[in-house]
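**Q** Sharing a structure below in structure tokens format, with a few things to ask.
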Amino acid sequence: MIKPTIILSCPIDCYAGYGARGRDVAKAIIELDKYDFKILPQRWGNCSWGFIDDHKEWDFLKEYILTPQHNTPIPQPEIWIQLTIPNEFVPQGKYNIGMTAGIESTLCPPEWIEGCNRMDLVIGSSKHTIEVLKECKFQKKDKHTNQVIGGIELNTKTEVLFEGLNLDTYKQVKSTLDLSDIRESFCYLFVGHWIHGDLGHDRKNVGLLVKSFCETFKNKQQQPALILKTTHGSISYVDREKILSKIQNIKKTIKGKLPNIYLLHGEFSNREMNELYNHSKVKAMVSLTKGEGFGRPLLEFTQTKKPIITTAWSGHLDFLKPDMSILLPGTLGDVHPSARNNWFIEGAKWFDVDTKVFGKVLKDVHKKYKPYLLGSMEQFKYSKINFSFEKMKDKIDSIFQNNIPN
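Listed below in structure tokens is the structure:
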């Protein structure tokens, strides 16, 4: 029987979340063994390239990568999947699927909705992603007269496909990672990019995390440490120095004996990340994120059976449960002008955490650690059963069977 062709267009070889998502989707489709499958590589902003050469376990993808000849069009596939932000969706197949992590705020640009409507099916990483796309409605105006000539709203089919957890990689292990320079035996860990935005307004909220942590534990006799595994998006020396400078500038605004903050900078392999998660000095993961399309590191960390402290809004609530993890209250506030860009537009809102509650939780977890392990054990089981790569592969198969015409 002739297998239908699929071409997946994605940043397959880059060091970014969309690259990881693309590789997982490619692996799942290959293992389904129902399609004549090819990959069309795409760049992703200024993100580093060469992930596959640096990670030999992904070498098998090379035989599926298309290398189009100059000025030679790619044959139209039965199924075209484009994994990117929605304004870039362009149908190229007989059946067209747009796949995206979507938006981390409450509002996306109208061009995203128009991009979604060019496709036959849109697949989001979380319920939050799809709900925002469905709720966004805009007026379309004539460029010359400025008169309303129609509306823009989502009118294509949607599905949710979570980002599956590789249980062969993310699991409990005895960590051999050398953290001997960290003196403290009790550390909170943050993982994520420190993106642009004033203090308290960057999307991952790293600046406010640093400030709140220092204020919570200043002058305490027993002080835990905070480990930041972060960059601005580059692994350069200049990037590292800028982050260290930011940390110091925040600490200068707080008087007293402050707890230590350690920076881990640069690329870690998946194995090294898992060893970091499992290190005996790392007791909990913490994030004051304002919004997530999914929240991949949070899911990975659940497999350590250690507590997670994060915000009670957006994509990660698909897998983090309030009776299993510590979900902080807060309110929705406007995306600050310093954090806006082509995606986070005027009128969009995201989560502002209650820092008073956060401080109390930090102190309580530090003081009464063991009771919190009961919830994290349940979170470990829930994530392992419901959000594995194998479950994701089954869901892809089901989505294709239920939506793609024979």
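Note that my numbering has the sequence shown beginning at -17, numbered continuously upward.
All C-beta atoms in this analysis are idealised placements derived from N, C-alpha and C, irrespective of residue type, glycine included.
Computed from a prediction, not measured in an experiment: that's the story for all the values here.
(1) Look at the alpha carbon of residue 241 and the alpha carbon of residue 185, and state the distance between them as a whole number of angstroms.
(2) Let me know if residue 285 comes out buried or exposed under the rule of 16 or more other beta-carbons within 10 Å of its beta-carbon.
(3) From the DSSP output, read off the bridge partner residues of residue 78.
(4) With C-beta atoms as the reference, is residue -12 less than 9 Å away from residue 5?
(5) Under the three-state reduction of DSSP, which class applies to residue 267: helix, strand or coil?
(6) What alpha helix (DSSP H) runs, 4 residues minimum, are completely inside the stretch 159 to 222?
(7) Nearest CA to the CA of residue 183: which residue from 334, 60, 224?
(8) Excluding the 5 residues preceding and the 5 following residue 71 in the sequence, name in chain order all residues of the same chain whose CB lies nearer than 6 Å to its CB.
(9) Determine the contact status of residue 270 and residue 190, defining contact as a CB-CB distance below 9 Å.
(10) Where do the ends of the beta strand (DSSP E) carrying residue 117 lie?
(11) Quick check on residue 31: does DSSP put it in helix, strand or coil?
(12) Following the continuous alpha helix (DSSP H) through residue 98, name the residue where it begins and the one where it ends.
(13) Where in the stretch 296 to 363 do unbroken runs of the beta strand (DSSP E), each at least 3 residues long, occur, reported from the N-terminal end onward?
(14) Tell me the DSSP secondary structure of residue 144 in three-state form.
(15) Is it right to say residue 87 is buried, meaning 16 or more other beta carbons lie within 10 angstroms of its own, or is it exposed?
(16) Please classify residue -1 as buried or exposed, where buried requires at least 16 other C-beta atoms within 10 Å of its C-beta.
(17) Helix, strand or coil for residue 121? Go by DSSP, reduced to three states.
(18) According to DSSP, is residue 250 helix, strand or coil?
(19) Can you give the beta carbon distance from residue 291 to residue 310, rounded, assuming they're within the 8 Å contact cut?
(20) Rounded to whole angstroms, how far is the Cβ of residue 173 from the Cβ of residue 279, which I believe are closer than 8 Å?
(21) Using beta-carbon positions only, say whether residue 112 and residue 84 come within less than 9 Å of one another.
(22) On the three-state DSSP scale, how would you describe residue 21?
(23) Comparing C-alpha positions only, which one of 35, 266, 252 sits nearest to residue 350?
(24) For the beta strand (DSSP E) that residue 4 lies in, which residues bound it at each end?
(25) My understanding is that residue 208 touches residue 193, with C-beta atoms under 8 Å, so please give their C-beta distance in whole angstroms.
(26) Counting C-beta neighbours from all protein chains within 10 Å, is the total for residue 392 16 or more, i.e. buried, or is it exposed?
(27) With respect to the alpha helix (DSSP H) encompassing residue 280, which residues constitute its N-terminal and C-terminal limits?
(28) Is residue 259 helix, strand or coil when you go by DSSP?
(29) Tell me which residues share the same chain as residue 29 and place their Cβ nearer than 8 Å to its Cβ, disregarding the 5 neighbours each side in the sequence.
(30) Compare the beta carbon distance of residue 157 and residue 251 with 9 Å and say whether it is the shorter of the two.
(31) Near residue 297, what residues of its chain come up, given a Cβ to Cβ distance below 7 Å and the 5 sequence neighbours on each side ignored?
(32) If we count the other Cβ atoms within 10 Å of its Cβ and call it buried at 16 or more, is residue 13 buried or exposed?
(33) Please report the distance separating the alpha-carbon of residue 268 from that of residue 343.
(34) Taking the CB atoms as reference points, tell me whether residue 77 and residue 387 lie closer together than 9 Å.
(35) Return the CA-CA distance between residue 168 and residue 206, expressed in angstroms with no decimal places.
(36) So, helix, strand or coil for residue 70, using DSSP?
**A** Result, derived from the coordinates:
(1) Taking the first residue of the sequence shown as 1, we reach residue 241 at position 259. Taking the first residue of the sequence shown as 1, we reach residue 185 at position 203. If you take the alpha carbons of residue 241 and residue 185, they lie about 24 Å apart.
(2) By one-based count along the sequence shown, residue 285 stands at place 303. Buried, by the Cβ-count rule.
(3) Here residue 78 corresponds to residue number 96 of the sequence shown, with the count starting at 1. In DSSP, residue 78 forms a bridge with 62.
(4) In the sequence shown, counting from the first residue as 1, residue -12 sits at position 6. In the sequence shown, counting from the first residue as 1, residue 5 sits at position 23. Contact: no.
(5) In the sequence shown, the residue the question calls residue 267 occupies position 285. Looking at residue 267 - three-state DSSP - the assignment turns out to be strand.
(6) Runs found: 188 to 199.
(7) For the purposes of this step, residue 183 is identified with residue 201 of the sequence shown, where counting begins at 1. Minimum Cα distance to residue 183 is reached at 334.
(8) Locating residue 71 in the sequence shown gives position 89, counting from the first residue. These residues qualify, in order along the chain: 64, 80, 97, 100, 101.
(9) Here residue 270 refers to the residue found at position 288 of the sequence shown. Here residue 190 refers to the residue found at position 208 of the sequence shown. Going by C-beta atoms, residue 270 is nearer than 9 Å to residue 190.
(10) Within the sequence shown, residue 117 is the residue found at index 135, counting from 1. Where residue 117 is concerned, there is no enclosing beta strand (DSSP E), although the alpha helix (DSSP H) it sits in stretches over 109 to 117.
(11) Locating residue 31 in the sequence shown gives position 49, counting from the first residue. In the structure shown, the three-state DSSP call for residue 31 is strand.
(12) Counting from one through the sequence shown, the residue named residue 98 turns up at place 116. Looking at the DSSP string, the run of the alpha helix (DSSP H) that includes residue 98 is 92 to 99.
(13) 308 to 310, 312 to 316, 331 to 335
(14) Sequence index remark: in the sequence shown, residue 144 carries index 162 (1-based). Looking at residue 144 - three-state DSSP - the assignment turns out to be coil, as it is neither helix nor strand.
(15) By one-based count along the sequence shown, residue 87 stands at place 105. Label assigned to residue 87: buried.
(16) Start at 1 with the first residue of the sequence shown, and residue -1 comes out as number 17. Looking at its Cβ environment, which holds 16 or more other Cβ atoms inside 10 Å, residue -1 is buried.
(17) Taking the first residue of the sequence shown as 1, we reach residue 121 at position 139. DSSP places residue 121 in strand when its eight states are reduced to three.
(18) The residue labelled residue 250 in the question sits at position 268 within the sequence shown. Coil at residue 250, not helix or strand.
(19) The count along the sequence shown starts at 1 and reaches residue 291 at position 309. The count along the sequence shown starts at 1 and reaches residue 310 at position 328. Contact holds; Cβ gap of about 7 Å.
(20) For this step, residue 173 is matched to residue 191 along the sequence shown. For this step, residue 279 is matched to residue 297 along the sequence shown. The C-beta separation of residue 173 from residue 279 comes to about 4 Å, placing the pair in contact by the 8 Å criterion.
(21) Stepping through the sequence shown from its first residue, residue 112 is reached at position 130. Stepping through the sequence shown from its first residue, residue 84 is reached at position 102. Yes.
(22) In the sequence shown, residue 21 corresponds to position 39, counting from 1. Three-state DSSP puts residue 21 in a strand.
(23) As a first step, residue 350 must be located in the sequence shown, where it is residue number 368. Distance from the Cα of residue 350 is smallest, within the candidate group 35, 266, 252, for 266.
(24) Taking the first residue of the sequence shown as 1, we reach residue 4 at position 22. Looking at the DSSP string, residue 4 is not in any beta strand (DSSP E); the run it does join, the alpha helix (DSSP H), is -1 to 14.
(25) Start at 1 with the first residue of the sequence shown, and residue 208 comes out as number 226. Start at 1 with the first residue of the sequence shown, and residue 193 comes out as number 211. Not confirmed; about 11 Å, so no contact.
(26) Any answer about residue 392 is impossible in this case: the structure gives the chain only from -17 up to 388.
(27) Sequence index remark: in the sequence shown, residue 280 carries index 298 (1-based). First-last of the alpha helix (DSSP H) with residue 280: 278 to 283.
(28) Taking the first residue of the sequence shown as position 1, residue 259 is located at position 277. Per DSSP, reduced to three states, the secondary structure at residue 259 is helical.
(29) Within the sequence shown, residue 29 is the residue found at index 47, counting from 1. If we look at residue 29 and ignore the five residues flanking it on each side, its Cβ neighbours are -7, -4, -3, -2, 1, 215.
(30) Residue 157 sits at position 175 when you count from the first residue of the sequence shown. Residue 251 sits at position 269 when you count from the first residue of the sequence shown. Taking 9 Å as the Cβ cut-off, residue 157 and residue 251 do not qualify as a contacting pair.
(31) On the sequence shown, position 315 is the one that residue 297 refers to. Excluding sequence neighbours, residue 297 sits near 107, 108, 110, 111, 274, 275, 276, 277.
(32) As a first step, residue 13 is located in the sequence shown; it is residue number 31 there, counting from the start. By the 10 Å Cβ count, residue 13 comes out exposed.
(33) In the sequence shown, residue 268 corresponds to position 286, counting from 1. In the sequence shown, residue 343 corresponds to position 361, counting from 1. Those two C-alpha atoms are separated by around 11 Å.
(34) Translated into positions along the sequence shown, residue 77 becomes position 95. Translated into positions along the sequence shown, residue 387 becomes position 405. Contact: yes.
(35) Indexing the sequence shown from 1 puts residue 168 at position 186. Indexing the sequence shown from 1 puts residue 206 at position 224. Spanning the two alpha carbons is a distance of roughly 5 Å.
(36) Stepping through the sequence shown from its first residue, residue 70 is reached at position 88. Residue 70: helix per DSSP, three-state reduction.
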